[in-house]
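Enquirer: This is the structure, below, for whatever I ask next.
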Amino acid sequence: MRTKFTEAFGVEHPIVQGGMMWVGRAELVAAVADSGALGFLTALTQPTPEDLVAEIARTRELTDKPFGVNLTILPSINPPPYAEYRQAIIDSGIGIVETAGSNPVDHLPHLKDAGIKVIHKCTSVRHAVKAEQVGVDAVSIDGFECAGHPGEDDVAGLILIPAAARKLTIPLIASGGIADARGLVAALALGADGVNMGTRFMCTVESPVAHAVKEQIVANTERDTELIFRSLRNTARVATNAVSTEVVDIESRGCEFADIQHLVAGARGRTVFERGDLDAGIWTAGQSQGLIDDIPTVRELVTRMVTEAESIITGRLASTVDSRIGAVS
Ligand SMILES: Cc1cc2nc3c(=O)[nH]c(=O)nc-3n(C[C@H](O)[C@H](O)[C@H](O)COP(=O)(O)O)c2cc1C
Numbered sequence: 001m002r003t004k005f006t007e008a009f010g011v012e013h014p015i016v017q018g019g020m021m022w023v024g025r026a027e028l029v030a031a032v033a034d035s036g037a038l039g040f041l042t043a044l045t046q047p048t049p050e051d052l053v054a055e056i057a058r059t060r061e062l063t064d065k066p067f068g069v070n071l072t073i074l075p076s077i078n079p080p081p082y083a084e085y086r087q088a089i090i091d092s093g094i095g096i097v098e099t100a101g102s103n104p105v106d107h108l109p110h111l112k113d114a115g116i117k118v119i120h121k122c123t124s125v126r127h128a129v130k131a132e133q134v135g136v137d138a139v140s141i142d143g144f145e146c147a148g149h150p151g152e153d154d155v156a157g158l159i160l161i162p163a164a165a166r167k168l169t170i171p172l173i174a175s176g177g178i179a180d181a182r183g184l185v186a187a188l189a190l191g192a193d194g195v196n197m198g199t200r201f202m203c204t205v206e207s208p209v210a211h212a213v214k215e216q217i218v219a220n221t222e223r224d225t226e227l228i229f230r231s232l233r234n235t236a237r238v239a240t241n242a243v244s245t246e247v248v249d250i251e252s253r254g255c256e257f258a259d260i261q262h263l264v265a266g267a268r269g270r271t272v273f274e275r276g277d278l279d280a281g282i283w284t285a286g287q288s289q290g291l292i293d294d295i296p297t298v299r300e301l302v303t304r305m306v307t308e309a310e311s312i313i314t315g316r317l318a319s320t321v322d323s324r325i326g327a328v329s
């Protein structure tokens, strides 16, 4: 499958594995790269910029194929040293960066001067247009279905993707709620040049999260997510569990961040992924859980998506058109 995105970014398949806190590590990203898709290490999963340099080196030991690094810039009481992480990415010779969280304008000149291609991930058409104006090379747009931060507009991908496609000239990646070949074909039909997946890649053999988490994703349906931080206008879609339902309950009665801080601590979420203790904290997952019913290797997943997408396009869709033409003639 050749698209504007595969051409511009030199990848085989129009499939991206977006940055994932605690999950976007060398094993997964190298497997994604080897499968012909584009994987992103998650910079802030590494405790320091030096650790990120080491993780990039570790990924290169596992694959010869290109991969990128995600830099998520979120509002924070104690912001991480973003400029130092950015420099670590540049010094390591990374060719593609995924920015997310807020406007990448402060980071862009540095990244562009280093010859790095930037995919900016956002959640609204206006932010996508702004990103194109400030010079990013592609936009990834996350619909309301997505895992993580869907923004505050609550516009689902079925509207968001074509609305963005109408306005952009740079490659567009559809993100959120995509987990199989049907999602890939639909995204292309809606005007995207590729797809980005988080939850689906988290539920693969090479994903570095506890097996119990993967089994829970398989067991979960599309209804098993909660929207936390709504009242703080920093919405995050996470898996339903004892902690996320408690947070939603506290928020429904009105609260400040301090009232829920002990529940949502990042370290607790990390424990879920490392130990498989599913109620230890908040863990991120999207509505696409309802489309996931196995734990394949990354290569099996990517090959299956591409093969099935081609057969949907040349089989079911082509025969639908053929039979309509037949009916008319
Ligand atoms: C466990 C997990 C952690 C995530 N962490 C980040 C992150 O740190 N930065 C980011 O830009 N996106 C993050 N995301 C969002 C994904 O990159 C992607 O945009 C999203 O998962 C797409 O929705 P989907 O899960 O329905 O495919 C995360 C997603 C998951 C599942």
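Following UniProt numbering, the numbering of the sequence shown begins with 1 at its first residue and continues without gaps. All C-beta atoms, glycine included, are put in the ideal place defined by N, C-alpha and C. The structure presented is a predicted model; accordingly, all values stated were derived computationally and were not measured.
(1) Take the Cβ of Glu61 as the centre, count every other Cβ of all protein chains shown within 10 Å, and call the residue buried at 16 or more, exposed below.
(2) Pick out whichever of Pro171, Arg268 and Thr314 has its Cα sitting closest to the Cα of Ala242.
(3) Shortest alpha-carbon distance to Leu188 belongs to which of Ile170, Ala165, Met202 and Thr169?
(4) Which ranges does the beta strand (DSSP E) cover as unbroken runs of at least 3 residues, wholly within the region 150-207, from first to last along the chain?
(5) Can you give the Cα-Cα distance for Met20 and Leu41, rounded to whole angstroms?
(6) For Lys117 versus Gly93, is the C-beta distance shorter than 9 Å?
(7) Assuming Gly148 and Ala156 make a contact with CB atoms under 8 Å, what is their CB distance in whole Å?
(8) Closest to Leu110 by CA distance: which of Ser311, Ile90, Lys167 and Val306 is it?
(9) Is the number of C-beta pairs between the region 216-232 and the region 282-300 that are closer than 8 Å three or more?
(10) Flag this pair as yes or no: are the beta carbons of Arg237 and Glu145 separated by less than 9 Å?
(11) Run through DSSP, which three-state label would Gly95 get?
(12) In angstroms, rounded to a whole number, what distance separates the CA positions of Ser329 and Thr3?
(13) Do the CB positions of Gly39 and Val29 come within less than 9 Å of each other?
(14) Along the beta strand (DSSP E) that carries Ser140, what are the first and last residues, could you check?
(15) Would you identify the three-state DSSP class for Leu41, choosing helix, strand or coil?
(16) Is Ser102 near ligand 1, with its Cβ less than 8 Å from a heavy atom?
(17) Would you say residue 330 touches ligand 1, meaning its beta carbon is less than 8 Å from a heavy atom?
(18) Please report the distance separating the alpha-carbon of Pro75 from that of Gly290.
(19) Examine ligand 1 and report whether any of its heavy atoms sits within less than 8 Å of the Cβ of Lys121.
(20) Give me every residue whose Cβ sits closer than 6 Å to any heavy atom of ligand 1, in chain order.
Expert: In brief:
(1) exposed
(2) Arg268
(3) Ala165
(4) 172-175 and 194-197
(5) 8 Å
(6) no
(7) Not really, about 15 Å apart at Cβ, beyond 8 Å.
(8) Note that residue 110 corresponds to His in the displayed sequence, not to Leu. Checked all of Ser311, Ile90, Lys167 and Val306; the closest Cα to His110 is Ile90.
(9) yes
(10) yes
(11) coil
(12) Below a pLDDT of 50, predicted positions are generally treated as unreliable, and Ser329, at 49, falls in that range; the measurement from the model is reported next regardless. Between Ser329 and Thr3, the C-alpha separation is close to 33 Å.
(13) yes
(14) Ala138 to Asp142
(15) strand
(16) no
(17) As shown, the chain starts at 1 and ends at 329. That puts residue 330 outside it, with no answer to give.
(18) 30 Å
(19) yes
(20) Gly18, Gly19, Met20, Met21, Val23, Thr42, Asn70, Thr72, Ala100, Lys121, Asp142, Glu145, Cys146, Ala147, Gly148, Ser175, Gly176, Gly177, Ile178, Asn196, Met197, Gly198, Thr199, Arg200, Met202, Thr284, Ala285, Gly286 and Ser288
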